[in-house]
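Chains as they are written, first to last, in the numbering used here: chain A, 903 to 1380; chain B, 141 to 419. Here the structure comes first, spelled out in structure tokens, and everything after it is commentary.
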């Protein structure tokens, strides 16, 4: 692609990566408002000029939903915000979400040629800027929808995978119904990811865009209980299952049922979906503690520890059995957590949660670890050092060591092949062992990321479209 | 939105409502529950489906007004609507197909026993129900259960039926004739007492647990209970479990997790219609 701008490559190379303003760490760690403040238009345009408009853009192949990154950045750098927004939205229905929560440093930005000598183009910042600009224009930026095909697709779960598939299928003219178990659409985007990282308003706006494109969202409907997959098969021509991993894993150590031990899912759901930070104005409570220990080192652990701080913890500590280097969280989350005075206890593994006489948490006992030989995941295997036990006094323990597949749907759907972990087995097109039933996201992958689920949603939508073209019409009307 | 079709206060702090939920009314099975959320800012509350009318498309919910959320829920009038009802959730009751069953209901737990007795009765099982309350006005679902079999009513003060606890009546009933299974639902100490009665007799005993719950679909793990030494989630593995295997002490402890916060919320709830249930 060639740029229509007059600016030369040499000039582009002279521009430094622009910075995004943030709330000051010790102010933001006491409120739930967004940490990152976004780029002003002027700054976004400067950043857009840093893009070299490569002929063979590696950033695109680094993106799980294959956003045409150089194209929207080029339009942006020309000041054509509308064109940039249309281009971006045609590839990604949730740009304001992914611009905020994607691990760009391991996907698009890591591939950016400018990273070879200096810093990559801030693709995430620009995506967020363009997405937010479009959201600010109201429904003027709807999805472009093809004429109706009269084919019906059911989507199970309104998280990132389900919403992405819904958008793609709606654009192709299919009639899409999304079933959500909770009372609000968005899945992990509303129950899991905190307001300070992804304001709920953003999710609402992006969901509204899908609804305006004809996507029907039905809440309070649990597939596997309210309806089975077999029942949906009678109503719909194809189904995409994207119901997430959904079952929290505990540590399996003594004391884990003491009052004050939460799964990260419960802790974050109370605070995000149920607004427990606003208790008693909101009705759902959450325990607050002066000292909170979060176990785990992924994004969910960072979210939990930073939430604890905002709920008033004087001391919010991450306990992780490996070291900083092995932490699976996004670099920005770890960096932000550190700035917000979250403490890290590396090379430590919990062995017991200790309680007081009222069965409330009073401390967590850990054992010191050292790194041994690499394990199956390629990371150094942590090994306990005998006799190295120590206690961390605390009032709350949040367990963020992962999730596993929720059997609610799969156990009521004979014929759906699962792998040994209970995740749904799919072929290269994302189709399950049931014809016309596709699956993606965490229910297939185990706990992964928003953008990988979105990539699955996008791929599944294409595969479903192909399937519907090949399948006899009216299959859903039998 | 789920419109409330009728409402009746059936004991000093228990209200029974019939509310629109056609899909749930059509497919619910004994032992299952719904998650109810009154509206914006409200809690998600698990409530057992006490009855259903699939023709009309309503389900019956029985609500004990104990805190802010439940008091606000029972303050809704017929014609008003509940924003969210999700379900049916939980595993259906494990029902025997023949023989005799003893159904023991304490307080609001009697409403949970009702659909179980219905299911048993429909299968031709001989149902004996023992229900109780502290005095006559606290006894609920007596006429409903009488349609399904023999009912023994107990009151703590002897103001109605037999004087004493349901566990005393259960002890006598178990001594008088054989039962294939016992279902016990009520306050935790009552379920524990019934389980202790039946353990030496070797009578299979099923209890329905009501731990703190948020989503009701297995996602949060807040409702974990220990049964037979195993950590299980009441929402997806239950809510009914083998009463001889349940760690009732742990359940009691965990039920108290939010006691202080709940009291704080209730004390702030000074809405006039919200005084129901405050003694």
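The beta carbon of each residue, even a glycine, is placed where N, CA and C say it ideally should be.
Query	Result
Find the nearest neighbour of residue 1234 of chain A within the set A/1089, A/1360, A/1005, judged by alpha-carbon distance.	A/1005
Determine, for residue 1196 of chain A, whether the minimum Cβ-Cβ distance to residues of chain B falls below 8 Å.	no
Against residue 398 of chain B, what residues of chain A qualify as contacts under a CB-to-CB distance less than 8 Å, listed in chain order?	1187, 1189
With a cut-off of 8 Å on the beta carbons, I'd call residue 366 of chain B and residue 395 of chain B a contact; round off their distance for me.	Actually they do not touch by this definition, with Cβ atoms about 14 Å apart.
At 4 residues or longer, and completely inside the region 155–221 of chain B: list those alpha helix (DSSP H) runs for me, N to C.	162–167, 208–214
Mind listing, in chain order, the continuous beta strand (DSSP E) runs of no fewer than 3 residues lying wholly within the region 1268–1314 of chain A?	1282–1286, 1292–1295, 1298–1301, 1305–1307
So with CB distances below 8 Å, who are the chain A contacts of residue 424 of chain B?	No answer is possible for residue 424 of chain B: it lies beyond the span of chain B, which begins at 141 and ends at 419.
Compute the Euclidean distance between the alpha carbons of residue 1272 of chain A and residue 1285 of chain A, then round it to the nearest angstrom.	5 Å
Could you pull the start and end residues of the alpha helix (DSSP H) that residue 329 of chain B belongs to?	328–338
Could you check which residue in A/1223, A/1092, A/998, A/1207 has the C-alpha nearest to that of residue 932 of chain A?	A/1207
So the beta strand (DSSP E) residue 1252 of chain A belongs to, where does it begin and stop?	1250–1257
Pick out the complete alpha helix (DSSP H) segments inside the region 1142–1228 of chain A, 4 residues or longer, and give them in chain order.	1166–1173, 1201–1212
If the cut is a Cβ gap below 7 Å, which residues of chain A does residue 290 of chain B touch?	Those do not exist, as residue 290 of chain B stays about 33 Å from chain A at its closest Cβ, beyond 7 Å.
Between residue 340 of chain B and residue 173 of chain B, how many whole angstroms is the CB-CB distance? I'm expecting something under 8 Å.	The pair is not a contact, with the Cβ atoms about 31 Å apart (cut-off 8 Å).
Given a cut-off of 8 Å on the beta-carbon distance, is the pair residue 1066 of chain A and residue 1120 of chain A in contact?	no
For residue 1018 of chain A, count the other beta carbons within 10 Å of its own beta carbon; 16 or more makes it buried, fewer makes it exposed. Which is it?	exposed
Which residues in the same chain have their Cβ closer than 7 Å to the Cβ of residue 415 of chain B, if we skip the five residues on either side of it in sequence?	Summary for residue 415 of chain B: the model assigns pLDDT 45, below 50, so the residue's position carries little reliability; its value from the coordinates is reported in the next sentence. Here the set comprises nothing.
To the nearest angstrom, report how far apart residue 1305 of chain A and residue 360 of chain B are at their CA atoms.	10 Å
Threshold first: 3 residues or longer. Then list the beta strand (DSSP E) segments lying entirely within the region 229–306 of chain B, N to C.	240–246, 266–273, 290–295
Between the region 178–204 of chain B and chain A, which residues of the former have CB atoms less than 8 Å from a CB of the latter, in chain order?	181, 182, 183, 184
Just verifying my parser: in three-state terms, what is the DSSP assignment at residue 913 of chain A?	helix
What are the complete beta strand (DSSP E) segments, minimum 3 residues, inside the region 1062–1149 of chain A?	1077–1081, 1118–1120, 1140–1143
Looking only at its chain, what residues have a beta carbon closer than 7 Å to the beta carbon of residue 1060 of chain A, apart from the 5 residues adjacent to it on each side?	1080, 1082, 1087, 1088, 1089, 1119
Starting from residue 963 of chain A, follow the alpha helix (DSSP H) in both directions and report where the run begins and ends.	960–964
Look up residue 930 of chain A in the DSSP assignment and say whether it is helix, strand or coil.	helix
May I ask which residues mark the beginning and end of the alpha helix (DSSP H) holding residue 945 of chain A?	943–950
Please state if the CB of residue 325 of chain B and the CB of residue 347 of chain B are separated by a distance shorter than 8 Å.	yes
Show which residues of chain B have a CB atom less than 8 Å away from the CB atom of residue 1148 of chain A.	357, 358, 359
Identify the residues that DSSP records as bridge partners of residue 371 of chain B: which are they?	B/366
Give me the DSSP bridge partner(s) of residue 1028 of chain A.	DSSP, once it has assigned bridges, lists no residue as partnering residue 1028 of chain A.
Run through the DSSP bridge pairs and tell me what residue 426 of chain B is partnered with.	Absent from the model: residue 426 of chain B. The displayed extent of chain B is 141 to 419, so no value can be given.
What is the residue span of the alpha helix (DSSP H) that residue 1239 of chain A lies within?	1233–1241
Spatial neighbours of residue 1058 of chain A within its chain, please: C-beta separation below 6 Å, excluding the five flanking residues on both sides.	1081, 1125, 1143, 1145
What number of angstroms, rounded off, separates the C-alpha of residue 1115 of chain A from the C-alpha of residue 1108 of chain A?	11 Å
Within 10 angstroms of its Cβ, does residue 1052 of chain A collect 16 or more other Cβ (buried), or is it exposed?	exposed
Comparing the C-beta of residue 224 of chain B with each C-beta of chain A, is any distance below 8 Å?	yes
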